[in-house]
Every structure is written in C-alpha cells, then in structure tokens.
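Q:
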Amino acid sequence: MRMMRTSFLAHSQDHHWRYSSLSPSPRRPVIAGNWKMYKTLADTEAFFAALGPHLSGVTQCDIVIAPPFTALRRAAELANEIGIAVSAQDLHWEREGAFTGAISAGMIRDAGCRHTLIGHSERRQLFGETDESVNKKIRAALLAGLGPIVCIGETLAEREGGQTEAVLERQLTQGLSGLTEDEFSPIMIAYEPVWAIGTGRTATPEIAQQAHAYIRQGIGRLVSDGAAEKARILYGGSVKPDNIRGLMAQPDLDGALVGGASLDANSFAAIIRYERSEAQ
Ligand code: PGA
1 MRMMRTSFLA HSQDHHWRYS SLSPSPRRPV IAGNWKMYKT LADTEAFFAA LGPHLSGVTQ
61 CDIVIAPPFT ALRRAAELAN EIGIAVSAQD LHWEREGAFT GAISAGMIRD AGCRHTLIGH
121 SERRQLFGET DESVNKKIRA ALLAGLGPIV CIGETLAERE GGQTEAVLER QLTQGLSGLT
181 EDEFSPIMIA YEPVWAIGTG RTATPEIAQQ AHAYIRQGIG RLVSDGAAEK ARILYGGSVK
241 PDNIRGLMAQ PDLDGALVGG ASLDANSFAA IIRYERSEAQ
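Residues 1 to 280, numbered by the numbering used here, are exactly what the sequence shown covers, in order.
1) Quick check on DSSP: helix, strand or coil for A231?
2) Ignoring anything shorter than 3 residues, give me the beta strand (DSSP E) runs that lie fully in the stretch 178-244, in order along the chain.
3) Go to A76, then tell me how far its alpha helix (DSSP H) extends in each direction, as first and last residue.
4) What is the rounded straight-line gap between the Cα of L156 and the Cα of V194?
5) Can you say whether R28 is buried or exposed, counting buried as having 16 or more other CB atoms within 10 angstroms of its CB?
6) Give me the DSSP bridge partner(s) of C113.
7) Is there contact between the stretch 54-67 and the stretch 166-182, where contact requires at least three CB pairs shorter than 8 Å?
8) What is the rounded straight-line gap between the Cα of G147 and the Cα of G161?
9) Pick from G83, V86, A85, A105: whose alpha carbon is nearest that of H92?
10) Run the CB neighbour count on D14, radius 10 Å, all protein chains shown included, and call it buried at 16 or more, exposed below.
11) Quick check: A261 and A50, are their CB atoms within less than 8 Å of each other?
12) What is the rounded straight-line gap between the Cα of R232 and the Cα of G97?
13) Within 10 Å of its beta-carbon, does D252 have 16 or more other beta-carbons around it, so buried, or fewer, so exposed?
14) Reducing DSSP to helix, strand and coil, say where H54 ends up.
15) Using the C-alpha atoms, what's the distance from V258 back to Y235?
16) So E87 is in the beta strand (DSSP E); what residue range does that whole segment cover?
17) Between which residues of its own chain and G145 is the CB-CB distance below 7 Å, once the five residues before and five after are set aside?
18) Going along the chain, which residues of its own chain have a beta-carbon closer than 6 Å to the beta-carbon of E45, five neighbours each way excluded?
19) Can you tell me the Cα-Cα spacing of A227 and L142, whole angstroms?
20) Near S23, which residues of its chain fall below 6 Å by C-beta distance, leaving aside the five closest residues on each side in sequence?
21) Leaving aside the five residues before and after V167 along the sequence, list all residues of the same chain whose C-beta is less than 7 Å from its C-beta, in chain order.
22) To the nearest whole angstrom, what separates the beta carbons of G112 and R170, a pair I think is in contact under 8 Å?
23) Is the CB-CB distance between N34 and L117 below 8 Å?
24) In the DSSP output, what is A32 paired with across the bridge?
Structure follows, in structure tokens:
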C-alpha cells in the first residue's frame, strides 16, 4: 500500500483546479452538527423529537450530530431510530489507562458513535491540540472503527499574513502523516477558517471553494488521485440556512459542519432540506 507523500506544495500550481471540474459530484453530501458544550440529556431528547419529522423522505445526504460526551449514548439510540449518525467531538489516542478525564475511541464506539471530530480549532486553540496529536487520534479512531472528521483551517492573522495555504499544507501533511490510502478512505476533512467560526462571518463561497480545491489537490498529492476525487470536504464556519445554498453550489464543497445553527432542530433541518431540494 502506498504511503502518504510528504509534501504537495511544490506541485501546487499544475493541478490546482484539477478536481474542480467534476460534474456531477461523485461524492455523497454530508451535513454534520457540532453541538460543542451545549445540551443536557433532556435537551438532546427534545432535539431529536423535533428533528425526526423533518427528515422523512430525506435520503440524499448523510446526517451526523456531535453531542457532548454525556449525551452520546442516548443520542446514538435516538439517531438510529431516524437513520442518522452520531459523532464524538474529541477523543484520547490511548486505548485505556490512567488518563483522568479522557475518553478513548473504543468507549466512543461502545456508546454507539460512528464518527469523531478531531482537531477542531477550539481544541487546537484552547486545549493544546497539535498536528501530532491529531495524527495519533486519527490512528486511534480508525483502529476502533470510527470515521474521523478532521478539522483544519487558518486563523485571521494567518490569512491576512498570506499563510493560508502553508497552514493547510502543514495541518494536512502532519495530521495525515503515514496513513495508507485504505486508512485515509473513511476520513472526512472539515475546512473551518477560524475567523469564520462563531463569528457570523462566513467565508464567501469563492474563498471556501479556493481552499477546498487546494485541500483536494493536497489529498491527491499526499494520498492518491482516487482518494482526492472521493474525499468529502466539509465547510464549517457560521453556516446558516440562508448561506448554505451558495456554499453548496461550489464544486469542491461536499457538505457542512454546522455549530450554532445545529443547536436548533428547525434551523438544522432547514440546512439539510436545502440539500434535498438541490439534489432532486
Ligand atoms: P459555527 O461553528 O457554525 O457556530 O461557526 C462551526 C464549528 O465550530 O464547527
């Protein structure tokens, strides 16, 4: 099995838009909600009760909810009833041991989850997450049968300093280091520019598309052309019902990771339903 190549920046020009012309997209869209540190068990039950009726007939996209650890088990049961998946928001890379406060991939799987977020910018900025720990967490998640949703993205200072592509390259190259093509296949990437998260300041569809095309090209260089074509790259950062349409019209955007607007079942459903009308 082919190993990841170590750098793609040197070849960045020749294939920059190579994967942008794919039409129709071979990738199934995914709408994921990240609840962050919100919702009790009672809130979780109320959310699923409200979301369920909105989903009847929705079959054209994958739907994932990432509740806090305390609600995972119940959310997984409720999600199963309405045919959607549950994700954790983080994990520890060790299988078990003396790691007070930590949760392993196996425990998350045992709670009924199919995915886990890894490397969210809040974990990177507030909890010391590094590209190295992201890599270890990806390996742990894969071993336990969880599909990683790996978050990358630049800060405002990095964008303004012209560092966006270098940051994305570093996060991808180090985060995905040493993974084979098979290992990469269940991984989704979420491009989340830090300046757009929780700020109401969404990236324009053009800015998002440019970053997504760059990321897809990077996957082509690091893994394989086939992996790049199949990789689902989600956009995150102030996604709302009124801006999802423009974002999803971009050829390299395969879905969204939604924070604030995923807390309310109606607004989350409006984002999902946009997908439905677009796909039919
Ligand atoms: P937001 O959060 O939609 O509230 O900006 C997105 C995220 O952090 O995943």
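Every residue gets a Cβ at the ideal spot worked out from N, C-alpha and C, and that includes glycine.
A: Here's the rundown:
1) Here residue 231 refers to the residue found at position 231 of the sequence shown. A231 sits in coil when the DSSP states are folded into three classes, being neither helix nor strand.
2) Listed in chain order, the complete beta strand (DSSP E) runs (minimum 3 residues) inside the stretch 178-244 are 188-191, 233-236.
3) As a working mapping, residue 76 is identified with position 76 in the sequence shown. 72-81 is the span of the alpha helix (DSSP H), which, as asked, contains A76.
4) Locating residue 156 in the sequence shown gives position 156, where the first residue counts as 1. Locating residue 194 in the sequence shown gives position 194, where the first residue counts as 1. The straight-line gap from Cα to Cα measures roughly 7 Å.
5) On the sequence shown, residue 28 is found 28 positions in, with the first residue counted as 1. Exposed, because fewer than 16 other Cβ atoms sit within 10 Å of the Cβ of R28.
6) Translated into positions along the sequence shown, residue 113 becomes position 113. Note: C113 sits in no beta bridge, so no partner.
7) The stretch 54-67 and the stretch 166-182 do not touch, with fewer than 3 CB-CB distances between them shorter than 8 Å.
8) Here residue 147 refers to the residue found at position 147 when the sequence shown is read from its first residue. Here residue 161 refers to the residue found at position 161 when the sequence shown is read from its first residue. C-alpha separation (whole angstroms): 33 Å.
9) Along the sequence shown, one-based indexing puts residue 92 at 92. Closest in alpha carbon position to H92, among G83, V86, A85, A105, is A105.
10) Residue mapping note: residue 14 aligns to position 14 of the sequence shown, counting from 1. Because the pLDDT of D14 is 34, which lies under 50, any placement of that residue in the model is unreliable, and the number read from its coordinates should be weighed accordingly. Counting the other Cβ atoms within 10 Å of the Cβ of D14 gives fewer than 16, which makes it exposed.
11) One-based indexing of the sequence shown puts residue 261 at position 261. One-based indexing of the sequence shown puts residue 50 at position 50. It is not a contact, given that the beta carbons lie outside the stated cut-off.
12) Residue numbering aside, residue 232 sits at position 232 when the sequence shown is read from its first letter. Residue numbering aside, residue 97 sits at position 97 when the sequence shown is read from its first letter. Looking at the two C-alpha atoms, the distance is approximately 33 Å.
13) Here the question's residue 252 lines up with position 252 in the sequence shown. So D252 ends up on the buried side.
14) As a first step, residue 54 is located in the sequence shown; it is residue number 54 there, counting from the start. In the structure shown, H54 falls within a helical segment according to DSSP collapsed to helix, strand and coil.
15) What you label residue 235 is simply residue 235 of the sequence shown in a count that begins at 1. What you label residue 258 is simply residue 258 of the sequence shown in a count that begins at 1. Those two C-alpha atoms are separated by around 8 Å.
16) Here the question's residue 87 lines up with position 87 in the sequence shown. Looking at the sequence provided, one finds Ser at residue 87 rather than Glu. 85-88 is the extent of the beta strand (DSSP E) around S87.
17) Locating residue 145 in the sequence shown gives position 145, where the first residue counts as 1. Excluding sequence positions up to five before and after G145, its CB lies within less than 7 Å of the CB of R109, all in the same chain and listed in chain order.
18) By one-based count along the sequence shown, residue 45 stands at place 45. Excluding sequence neighbours, E45 sits near nothing in its chain.
19) Locating residue 227 in the sequence shown gives position 227, counting from the first residue. Locating residue 142 in the sequence shown gives position 142, counting from the first residue. Note on geometry: alpha-carbon atoms of A227 and L142 lie some 16 Å from one another.
20) One-based indexing of the sequence shown puts residue 23 at position 23. Any reading at S23 is ruled out, since the residue's pLDDT is 47, under 50, leaving its predicted position unreliable.
21) The residue you call residue 167 lines up with position 167 of the sequence shown. Closer than 7 Å at Cβ, skipping near neighbours: E154, E158.
22) Here residue 112 refers to the residue found at position 112 when the sequence shown is read from its first residue. Here residue 170 refers to the residue found at position 170 when the sequence shown is read from its first residue. Actually they do not touch by this definition, with Cβ atoms about 34 Å apart.
23) Position 34 of the sequence shown, counting from 1, holds the residue named residue 34. Position 117 of the sequence shown, counting from 1, holds the residue named residue 117. Yes, they are a contact pair.
24) Within the sequence shown, the letter at position 32 stands for residue 32. DSSP, once it has assigned bridges, lists V64, L257 as partnering A32.
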